[in-house]
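Colleague: Its first residue numbered 1, the sequence shown is counted upward by one per residue in the UniProt record's numbering. My questions will all concern the structure given below.
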Amino acid sequence: MSDLLDDPIPGQNTPEYTVSDISGEVKRTLEGTFGRIRVRGEVGRVFKARSGHLYYDIKDDRNVLACTTWKGQVSNLSVVPEEGLEVVVTGRLTAFGAQSKYNLNVDEVAVAGQGALMALLEKRKKQLEAEGLFDPERKKPLPYLPKVIGVVTSPSGAVIRDILHRLRDRFPRKVLIWPVAVQGSNCAPEVANAINGFNQLTPGGALPRPDLIIVARGGGSIEDLWGFNEEIVARAAAGSDIPLISAVGHETDTTLIDYVSDRRAPTPTAAAELAVPVRIELLAWTGEQGARLSRAATDAVQRRSQRLRDLSRALPRPDSLLNNPRQRLDLIADRLTPALERGVQNRHLQVVKLSAHLRPSTLRNLVSSRQEAVRNLSSRLSLRPIQREIEMQRQTVTRLVERMNAAQTTRLDRMRRQLDATDRLRETLSYKATLQRGYTVVRADDQVVTTKAQAAQHDSLQIEFADGVLTTGQTAGHRPAPKKTPKKDAPDQGSLF
């Protein structure tokens, strides 16, 4: 019986696995069997976690594949998954044992065919158009002659050389180049940052703010130009305060930035032509306008001169204008002397007639009547009100005189104090104080002498000390020659002979 019990039960010799062993084996099997694969499908639910990881689904009409793109991989995606977009994703198939799920770790996303790209482009276009970013009213006019032009493009391509060459031929301007990637995953953020960076420059700063921005790129496929169809680029161009010209691709290429920019150029070379006028044509036009102005001024002067000559021929000569006034003057001069003589005679006759009526008694009566009238008037006048008025005026004048004297005395005292203070200041600032410290003032002919050369030109100098003035004879430059002392005669020693 015991032997029967020790026999193994059929089926119990199967090895046992832990849950982790099974999960690890499944993960290794998936990763080893499939490796790196490409899957085509329609993007379903899209969720971006706060950590930066991107979670979304790829589906067809029957099944769904969960996909994950880690935070460090998102920035390298050329196309960000959007719901409803048909894409081809590339990555590694793996399993997540904590939830018994498998998913695809995606590090590359591509749109499945040009039709899907055009559908996505049309969707974004309608969205931006509904927001009013395409309205003509919001487009800014381009400056006629910008001082500084900012160019957003690749610094190593032929586009920047074409733009610089065209600007140099038409009208040389200062150009600031903001290098960016013009295709790939870095294109959209770098272009948007370049547009925003130009707008954030300070006008008149060390790095001048452009008056015009050109966003340029050569031609290519829709995949190559897709960075300029990104929403971040379109919104940056629409929000630019600086007028912007879009020159992306060739004439037949159209991107979203073309719709939101202030002006679209078919090629980068055409963008340079839109940016500046032709300098030679401006000079020719200026010269032509100057010549027209000179001709117009000359013609105007000639017409007015001819009009003046025509009017002058219609005027009479100056001599003929003065003949009649001269004759009238002569006639009046001839009549003046007899008229004066007759006037004097008439006045003399009138005086004689009037004097004949005057008699002494009449004059005395007239004088007496006038004197009587004066006495009557003087008796009617009373002097008392006048005397009171005079007394009041006298008192007023006396008070005014007293006030005037007091004000004058106060003013004189104030002015005397100011004069004393000014005099003390003068004494303080005067050179006399300097003389007290041992300095002197040298004068010659009432002029101050400040150099040795000036002193050498005068025979006499006045040296002013603190206690007086000393007059010297001659200066050191004109010392008199020393007087020769006459030799005394040698004593007479007599002769030996």
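Quick reminder that beta carbons are idealized off the backbone N, C-alpha and C, glycines included.
Taking contact to mean 3 or more Cβ pairs, one atom from each stretch, closer than 8 Å, check whether the region 211-231 and the region 165-184 are in contact.
Modeller: yes
Colleague: Pull up the distance between the alpha-carbon of V248 and that of D57, whole angstroms please.
Modeller: The residue labelled residue 248 in the question sits at position 248 within the sequence shown. The residue labelled residue 57 in the question sits at position 57 within the sequence shown. Distance between the alpha carbons of V248 and D57: 33 Å.
Colleague: Could you give the residue range of the beta strand (DSSP E) that holds T153?
Modeller: The residue labelled residue 153 in the question sits at position 153 within the sequence shown. Note, T153: beta strand (DSSP E), V148 to T153.
Colleague: Does DSSP put Y102 in a helix, in a strand, or in coil?
Modeller: Along the sequence shown, read from residue 1 onward, the residue named residue 102 stands at position 102. In this structure, Y102 counts as strand in the three-state DSSP scheme.
Colleague: How would you call T267, buried or exposed, if buried means at least 16 neighbouring beta carbons within 10 angstroms?
Modeller: Position 267 of the sequence shown, counting from 1, holds the residue named residue 267. So T267 counts as buried.
Colleague: Taking buried to mean at least 16 other C-beta atoms within 10 Å of its own C-beta, is Q474 buried or exposed?
Modeller: For the purposes of this step, residue 474 is taken as the residue at position 474 of the sequence shown. Summary for Q474: the model assigns pLDDT 48, below 50, so the residue's position carries little reliability; its value from the coordinates is reported in the next sentence. Burial call: exposed.
Colleague: Are the beta-carbon atoms of V148 and K174 separated by less than 8 Å?
Modeller: As a working note, residue 148 is residue 148 in the sequence shown. As a working note, residue 174 is residue 174 in the sequence shown. Contact flag set, yes.
Colleague: Would you give the residue range spanned by the alpha helix (DSSP H) that F198 belongs to?
Modeller: For the purposes of this step, residue 198 is identified with residue 198 of the sequence shown, where counting begins at 1. C187 to Q200 is the extent of the alpha helix (DSSP H) around F198.
Colleague: So if DSSP puts Y56 in a beta bridge, which residue, or which two residues, is it bridged to?
Modeller: Your numbering for residue 56 matches position 56 in the sequence shown. DSSP lists V46 and C67 as partners of Y56.
Colleague: Among D61, D60, N105 and N63, which has the Cα closest to the Cα of G72?
Modeller: In the sequence shown, the residue the question calls residue 72 occupies position 72. Per the Cα distances, N105.
Colleague: Consult DSSP for L470 and reduce its assignment to one of helix, strand or coil.
Modeller: Position 470 of the sequence shown holds residue 470. Strand.
Colleague: Going by CA-CA distance only, name the one from L85, G97, G84 and Y102 that's closest to G91.
Modeller: Residue mapping note: residue 91 aligns to position 91 of the sequence shown, counting from 1. Answer by Cα proximity: Y102.
Colleague: Is P210 helix, strand or coil by DSSP?
Modeller: Counted from its first residue, the sequence shown places residue 210 at position 210. In the structure shown, P210 sits in coil (DSSP, three-state: anything other than H, G, I, E or B).
Colleague: So residue 543 and S23 are supposed to be a Cβ contact under 8 Å. How far apart are they, rounded?
Modeller: For residue 543 there is no data in the structure shown, the boundaries of the chain being 1 and 497.
Colleague: So what does DSSP say about residue 513, is it helix, strand or coil?
Modeller: What is shown of the chain runs 1 to 497, which leaves residue 513 out entirely.
Colleague: Tell me the rounded alpha-carbon separation between L133 and K125.
Modeller: On the sequence shown, residue 133 is found 133 positions in, with the first residue counted as 1. On the sequence shown, residue 125 is found 125 positions in, with the first residue counted as 1. Whole-angstrom Cα-Cα distance: 10 Å.
Colleague: Determine the closest residue to D211 out of E231, P143 and V88, with distance taken between C-alpha atoms.
Modeller: The residue given as residue 211 occupies position 211 in the sequence shown. The option with the nearest alpha carbon to D211 is P143.
Colleague: Any beta-carbon of chain C closer than 8 Å to the one on Y102?
Modeller: No chain C appears in this structure, which consists of one protein chain only.
Colleague: What's the gap between the Cα of E230 and the Cα of L256?
Modeller: Counted from its first residue, the sequence shown places residue 230 at position 230. Counted from its first residue, the sequence shown places residue 256 at position 256. Going by the C-alpha atoms only, they are around 8 Å apart.
Colleague: Would you report the Cα separation of A433 and T471, rounded to the nearest angstrom?
Modeller: The sequence position of residue 433 within the sequence shown is 433, counting from 1. The sequence position of residue 471 within the sequence shown is 471, counting from 1. Computed Cα separation, rounded: 21 Å.
Colleague: Quick test of your reading: A236 and A192, contact by CB under 8 Å. State the CB separation rounded to the nearest angstrom.
Modeller: Here residue 236 corresponds to residue number 236 of the sequence shown, with the count starting at 1. Here residue 192 corresponds to residue number 192 of the sequence shown, with the count starting at 1. That belief holds up - the Cβ atoms of A236 and A192 are roughly 4 Å apart, short of 8 Å.
Colleague: Is the distance from the Cβ of L30 to the Cβ of L93 below 8 Å?
Modeller: On the sequence shown, position 30 is the one that residue 30 refers to. On the sequence shown, position 93 is the one that residue 93 refers to. Contact flag set, yes.
Colleague: So, at 7 Å on beta carbons, what are the nonlocal neighbours of E16 in its own chain, with the 5 sequence-adjacent residues on each side left out?
Modeller: Along the sequence shown, read from residue 1 onward, the residue named residue 16 stands at position 16. The answer is none, since no qualifying residue turns up.
Colleague: Whole-angstrom Cβ separation of E86 and A112, contact assumed at under 8 Å?
Modeller: Taking the sequence shown and counting its residues from 1, the one referred to as residue 86 is at position 86. Taking the sequence shown and counting its residues from 1, the one referred to as residue 112 is at position 112. That pair is a contact at about 4 Å.
Colleague: With DSSP as the reference, identify every bridge partner of G41, one or two as the case may be.
Modeller: Position 41 of the sequence shown holds residue 41. The secondary-structure analysis by DSSP pairs G41 across a beta bridge with V87.
Colleague: Name the one or two DSSP bridge partners that A158 has.
Modeller: Position 158 of the sequence shown holds residue 158. Answer is none; A158 lacks a bridge partner.
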